[in-house]
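Visitor:
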Amino acid sequence: MTRRRLRFSGLFQKYFLVLFLAVVIPLATNGVSEAWFGYRDQRTTLDQLLGVEARSAAAKIQGFLDGITNQLGSLVQLPWTEEPDEQRRIEALRLLRQLPAIVSLTLVDGAGRERLYVSRIGLNRTESRANRSENEAVAGARSSRLWYGEVRYYRDSEPYLTIAIAGNRPSVGVVLAEVNLKLIWDVISAIKVGETGHAFVLDAPGRLVAHPDISLVLRGADEATLAPFRAIREVIRRAGEDVATSWDGQGEAVAAAASPVAGPDWTVVVEQPLSEAYGPIYAALWRTAGLLLAGAALAGLLAYVLASRMTEPIRRLEEGTERIGAGQFDHRIHIATGDELQRLADSFNTMAAELAISQERQERIAKLKRFLAPQVAELVDRKGDGVLEGRRTEVVAVFCDLRGFTAFSARATPDEVMSVLSEYYEALGRIITKYAATLTSFSGDGMMVLVNAPVPVEDPAVHAVDLAMEMQQCVQELVVGWRARGHRIGFGVGLAIGLATVGPIGYESRFDYTAIGTVVNLAARLCASAADREILADVAIAEAVNGKRAMIPLGMRSIKGYDEELPVYGIPFEERRHTA
Amino acid sequence: MRRRDILTAIGGAAASTLPLRAQPLAVPLIGYIGPESPEPFTSRLKAFREGLGESGFTESRNVAIEYRWAQGQYDRLPSLAADLASRKPAVIVAAGGAPAALAAKAATSRITIVFEMGGDPVALGVVDSLSRPGGNLTGVSSLSVEVSRKRLEFMHELLPSATEFAVLANPTSPTVDSQLKNLHAAADALGVRLHVLSTSDEREFEAMFSSVSQLRAGGLVFTSDPYFAFRSQRLAALATRYRVPAITQSRDFPIAGGLMSYGGDFTQSHRRAGLYTGRILSGEKPADLPVQLVTKVEMFVNLKAAGTLGVTLPPSLISSADVVIE
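Just so you know, the protein sequences line up as chains A and E, in that order.
Residue numbering for the first sequence follows numbering that gives the first Met the number 0, beginning at 0 and increasing consecutively.
Residue numbering for the second sequence follows numbering that gives the first Met the number 0, beginning at 0 and increasing consecutively.
Laid out in structure tokens, this is it:
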């Protein structure tokens with residue numbers, strides 16, 4: 000039972016696994032490859048997107064600086080005279096008001112002398128005529144028209160930048176502007192990359208110029224604060240074409256891109272949290288995972304159902320064969336799958352039916368054998384009960400009995416009698432079976448045997464003669480033994496051939512197969528007149544075996560029950576010599 | 000039986016969460032200390048609440064504010080600050096000048112303080128440095144104190160022929176010395192003389208204006224001081240009555256009929272103080288938040304007042320003015 004269960008589950012598992020994997024593997028392969036390509040596409044898109052954002056942000060920062068330099072240009076349009084230039088002073092004050100980022104303006108004439116200084120905080124100066132030609136900003140503007148200084152931190156906190164612009168002629172002089180870069184905050188805080196991304200600006204040495212969180216900028220040249228920003232810029236530089244990913248100051252993973260601001264040699268970096276940048280990828284991944292799970296569940300269900308449907312008939316077959324094997328031949332395996340399994344079940348059913356018939360036959364034979372010679376039983380079984388039906392046919396009736404048995408049985412002990420009879424019947428029974436003869440009746444020491452009915456034999460007369468001869472030979476051997484024990488017993492046989500009515504006689508539960516006719520009487524009489532060691536046959540036998548077996552005519556004898564004398568023949572037989 | 004057990008368990012769980020929900024600590028508390036009364040602070044409180052709102056906090060919704068007002072008596076500030084600190088708020092906001100900030104700093108070294116003031120917080124000993132304030136303080140400073148000399152310059156520009164100017168200082172202000180030093184240096188550069196008048200009591204204002212009008216001073220320059228700034232209405236009325244051209248730090252002065260103002264934009268500084276307060280409430284450390292300087296310095300001029308005083312505003316002043324009140 001346990002083994003059967005194991006074998007069953009094993010097959011189920013195999014089917015289940017194969018079916019399940021057949022669905023899940025292509026599904027998973029498709030899902031994973033789709034996710035991977037989606038990821039690649041999104042990375043490319045993200046890189047392009049961030050690149051555009053970075054250029055746009057750089058353009059805005061550039062715009063902030065251009066807004067200042069364009070306005071400053073108006074202060075270096077006209078050449079300076081030796082007189083104070085009130086108009087230009089008013090223009091400078093107006094600029095100071097209009098551009099809140101500018102903290103102070105210094106105007107230098109063509110000779111490098113300071114002509115005007117206006118400030119929000121400090122006192123203004125007019126016509127100080129101090130020599131500023133050595134100032135690097137003045138020198139820088141004179142050589143390149145537009146000059147940007149380095150970012151400095153006022154009191155280690157506020158970032159400042161000096162911008163100097165020279166006019167197109169030396170005589171118009173140079174204007175120097177101190178710009179408080181904190182004011183870029185308005186620009187930088189307005190730049191949004193996606194929902195939560197932002198931009199920041201680093202100068203060439205990697206100091207923070209602008210960031211939406213002004214407190215980071217105000218920390219000044221604080222290495223710990225600047226390190227993550229520099230790291231992002233470095234990652235972007237190394238990433239090249241691919242999208243750069245790094246960690247910001249809060250340890251959040253970000254995707255970033257950069258774009259330069261040409262004038263002051265700054266870098267604008269835009270960054271977007273990866274969680275947002277890859278939002279569509281993550282959504283797609285979750286979707287794919289969900290579909291995969293649903294697909295796997297469905298595949299599992301399908302595989303379960305299919306595997307059950309495949310193993311169920313096999314299980315039924317198994318159960319059916321077991322029951323049939325156990326002898327339950329009326330069991331039928333019901334499989335209606337319309338395939339080989341059904342065919343197999345059908346042939347099992349056919350086999351069971353045949354087995355049932357076969358068994359029935361065996362049982363019947365076993366029953367018949369108790370009354371009939373095995374050959375008769377087989378015949379009955381083969382040809383049906385019909386062979387036993389009453390008919391008229393040529394038979395050989397063989398009678399035999401022991402001589403002197405009555406006297407012996409009266410003298411001997413019952414054990415002795417039974418022993419003699421047992422040996423006697425055992426020997427004769429074997430011979431009867433051998434010759435396919437039918438023992439129709441026996442009583443005491445005598446018996447009647449039929450040849451050629453119901454089992455027909457070839458040349459029944461010869462057959463019966465051989466039978467009689469072998470009987471004599473066997474019994475005579477026994478007789479030697481019996482005589483040695485002091486029992487005076489002999490054995491005689493009589494046989495006759497002729498037509499007789501054969502068939503079963505008796506009642507419901509007790510039938511004997513027997514023959515009725517004169518041939519039976521004749522044979523009985525011949526037996527009765529046969530002496531020990533004698534086989535007597537009638538004339539019909541003698542005619543039938545003429546030339547085939549030796550016959551000794553014994554002349555005419557008067558037979559009891561017959562009016563006239565009848566010719567009787569003796570059949571000689573060779574006694575077996577025993578050394579015993 | 001079983002179901003009843005589960006119901007009992009759920010009931011028990013619900014009951015155990017109830018007292019938690021009733022906890023009032025869910026809303027953080029801000030202690031706000033101001034040197035004046037709520038009325039002159041209205042516009043500043045509005046800016047402060049705006050800043051707080053920008054960082055995600057709204058009063059009476061997810062933050063509670065407890066106010067302490069010195070009603071102009073600056074010597075009450077230390078006791079008010081100590082009282083506030085004893086309430087153990089999440090953060091103390093000391094707005095409206097250095098005195099409030101210093102009082103709060105003296106009251107606690109544990110509770111974070113966000114200040115709003117006009118002077119240099121390093122020079123006044125409030126913080127160690129602007130970029131790394133250290134300790135439990137950070138905040139916002141406008142440039143009002145630094146630009147006192149600019150006020151003298153503008154007054155000189157308005158009245159270029161005048162050689163003497165009056166300066167009004169508050170002797171109790173912690174920044175008074177540095178401001179007067181700056182002003183004298185500026186006076187030397189401009190070639191003018193200063194008459195320094197001192198008061199820390201508004202009852203002396205009238206006498207002060209009266210004496211300025213007696214002097215041959217061209218105009219009156221106010222030093223930066225919250226005490227004066229919060230009394231702009233009264234000062235404007237007095238300036239008009241005594242026909243004194245005057246310049247103060249607060250825009251409230253020309254708006255109320257005074258002549259000119261030049262000083263830091265207090266709406267910006269209060270708004271940023273609100274922002275910083277919100278960030279502190281969100282868990283940031285004051286040491287990570289550098290002190291902010293409000294760079295915006297604004298100039299207001301009142302043309303009507305100029306007309307009444309009989310002075311003409313030169314084009315350079317008009318160009319410089321951020322707002323010209325017609």
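Idealized CB from N, CA, C, for every residue including glycine.
#1: Quick one: Cα of Ser209(E) to Cα of Asn301(E), how far?
#2: Does any residue of chain A bring its CB to less than 9 Å from the CB of Ile266(E)?
#3: Since Leu142(E) meets chain A, which of its residues come closer than 9 Å, beta carbon to beta carbon?
#4: State the Cα-Cα distance for the pair Ala235(E) and Glu35(E), rounded to the nearest angstrom.
#5: With a threshold of 8 Å (Cβ to nearest heavy atom), would Gln70(A) be considered close to the ligand MN?
#6: Is DSSP giving Asp127(E) helix, strand or coil here?
#7: I believe Ala272(E) touches Val146(E) by the beta-carbon criterion, under 8 Å. Please report the beta-carbon distance rounded to the nearest angstrom.
#8: Mind checking Met468(A): buried by the 16 CB within 10 Å criterion, or exposed?
#9: Would you report the Cα separation of Thr43(A) and Asn61(E), rounded to the nearest angstrom?
#10: Assign Gln213(E) to one of two classes, buried (16 or more other C-beta atoms within 10 Å of its C-beta) or exposed (fewer than that).
#11: Taking CB distances under 9 Å as the criterion, tell me whether Glu152(E) reaches chain A.
#12: Cβ of Pro211(A) less than 9 Å from any chain E Cβ?
#13: So which residues on chain E does Arg88(A) lean against when the C-beta distance must stay under 7 Å?
#14: Considering just the uninterrupted stretch of the beta strand (DSSP E) at Pro552(A), what are its terminal residues?
#15: Counting C-beta neighbours from all protein chains within 10 Å, is the total for Ile551(A) 16 or more, i.e. buried, or is it exposed?
#16: Near Glu192(A), what residues of its chain come up, given a Cβ to Cβ distance below 6 Å and the 5 sequence neighbours on each side ignored?
#17: Starting from Lys181(A), find everything on chain E with Cβ-Cβ shorter than 9 Å and list it in chain order.
#18: DSSP three-state call for Pro23(E): helix, strand or coil?
#19: Would you mind giving the Cβ-Cβ distance between Val261(E) and Lys180(E), rounded to the nearest angstrom? I have them listed as a contact below 8 Å.
#20: I want to verify the contact list: residues of chain E whose CB lies under 8 Å from the CB of Pro580(A), in sequence order.
#21: Measure the alpha-carbon distance for Pro211(A) versus Ile24(A) and round it to whole angstroms.
#22: List the residues of chain A whose Cβ lies closer than 8 Å to the Cβ of Asp327(E), in chain order.
#23: Taking Cβ to Cβ, would you say Val173(A) is nearer than 9 Å to Ala163(A)?
#24: Is Asp531(A) near Gly489(A), with beta carbons less than 9 Å apart?
#25: Mind checking which residues open and close the alpha helix (DSSP H) that includes Thr266(E)?
#26: Under 8 Å between beta-carbons, which chain A residues line up against Ala185(E)? List them in chain order, please.
#27: Among Ile120(A), Thr320(A) and Ala335(A), whose alpha-carbon lies nearest the alpha-carbon of Asp329(A)?
#28: With a cut-off of 9 Å, does the C-beta of Asp287(E) fall near any C-beta of chain A?
#29: So, does the CB of Leu167(E) fall closer than 9 Å to a CB anywhere in chain A?
#30: Alpha carbon to alpha carbon, what distance is there between Arg381(A) and Thr437(A)?
#31: Name the one or two DSSP bridge partners that Ile161(A) has.
#32: The beta strand (DSSP E) that contains Ser197(E), what's its start and end?
#33: Of all the residues that make up the segment 147-162 of chain A, which are near chain E by a beta-carbon distance shorter than 9 Å?
#34: Is DSSP giving Arg524(A) helix, strand or coil here?
#35: For Asp321(E) and chain A, any beta-carbon pair shorter than 9 Å?
#36: Cα-Cα, which of Ile279(E), Met116(E), Ser249(E) and Pro77(E) is closest to Ala105(E)?
Guide: Taking the definition as stated:
#1: Ser209(E) and Asn301(E) have their C-alpha atoms spaced approximately 22 Å apart.
#2: Before going further, note that residue 266(E) is Thr rather than Ile in the sequence given. For Thr266(E), the answer is no, since every Cβ of chain A falls outside 9 Å of its Cβ.
#3: Simply Arg119 and Ile120.
#4: Cα-Cα distance, rounded: 18 Å.
#5: Among the components modelled here there is no ligand, and therefore nothing to report on the ligand MN.
#6: Residue state, collapsed to three classes: coil.
#7: In this structure Ala272(E) does not touch Val146(E) by the C-beta definition: roughly 20 Å separates them, more than the 8 Å allowed.
#8: Result: buried.
#9: When the Cα atoms are used, Thr43(A) and Asn61(E) turn out to be separated by approximately 43 Å.
#10: A residue is called buried when at least 16 other Cβ atoms come within 10 angstroms of its Cβ; Gln213(E) does not meet this threshold and is exposed.
#11: For Glu152(E), a Cβ of chain A is located within less than 9 Å of the residue's own Cβ.
#12: Not one chain E Cβ lies under 9 Å of Pro211(A).
#13: The contacting residues are Ser315.
#14: Membership of Pro552(A) in the beta strand (DSSP E) is indicated by the continuous run Ile551 to Ser557.
#15: Note on Ile551(A): under 16 other CB atoms within 10 angstroms of its CB, so exposed under the neighbour-count rule.
#16: The question names Glu, but residue 192(A) is Val in the sequence shown. Closer than 6 Å at Cβ, skipping near neighbours: Glu52, Val269 and Gln271.
#17: Those within 9 Å of Lys181(A) in chain E are Gln291, Leu292 and Thr294.
#18: Caution applies to Pro23(E), whose pLDDT of 47 falls short of 50 and renders its modelled position unreliable; the value that the coordinates give is listed next. It is helical.
#19: What sits at residue 261(E) in the sequence shown is Tyr, not Val. The pair is not a contact, with the Cβ atoms about 19 Å apart (cut-off 8 Å).
#20: The requested residue 580(A) is not part of the displayed model; chain A covers only 0 to 579.
#21: Their backbone Cα atoms lie some 49 Å apart in a straight line.
#22: As displayed, chain E neither begins before 0 nor continues past 325, which places residue 327(E) out of reach and without an answer.
#23: Judged by their CB atoms, Val173(A) and Ala163(A) are nearer to each other than the 9 Å cut-off.
#24: Yes, the Cβ-Cβ distance between Asp531(A) and Gly489(A) is below 9 Å.
#25: Note, Thr266(E): alpha helix (DSSP H), Phe265 to Leu280.
#26: Within 8 Å Cβ-Cβ: Leu122.
#27: Nearest C-alpha to Asp329(A): Thr320(A).
#28: Yes, contact with chain A.
#29: Cβ-Cβ to chain A under 9 Å: no for Leu167(E).
#30: Between Thr437(A) and Arg381(A), the C-alpha separation is close to 17 Å.
#31: Reading the sequence as shown, one finds Thr at residue 161(A) and not Ile. DSSP lists Glu177(A) as partners of Thr161(A).
#32: Run containing Ser197(E): Arg192 to Ser197, per the beta strand (DSSP E) assignment.
#33: Hits within the stretch, in order: Tyr152, Tyr153, Arg154, Asp155, Ser156 and Glu157.
#34: In the structure shown, Arg524(A) falls within a helical segment according to DSSP collapsed to helix, strand and coil.
#35: The C-beta of Asp321(E) comes closer than 9 Å to at least one C-beta of chain A.
#36: Among Ile279(E), Met116(E), Ser249(E) and Pro77(E), the Cα nearest to that of Ala105(E) is on Pro77(E).
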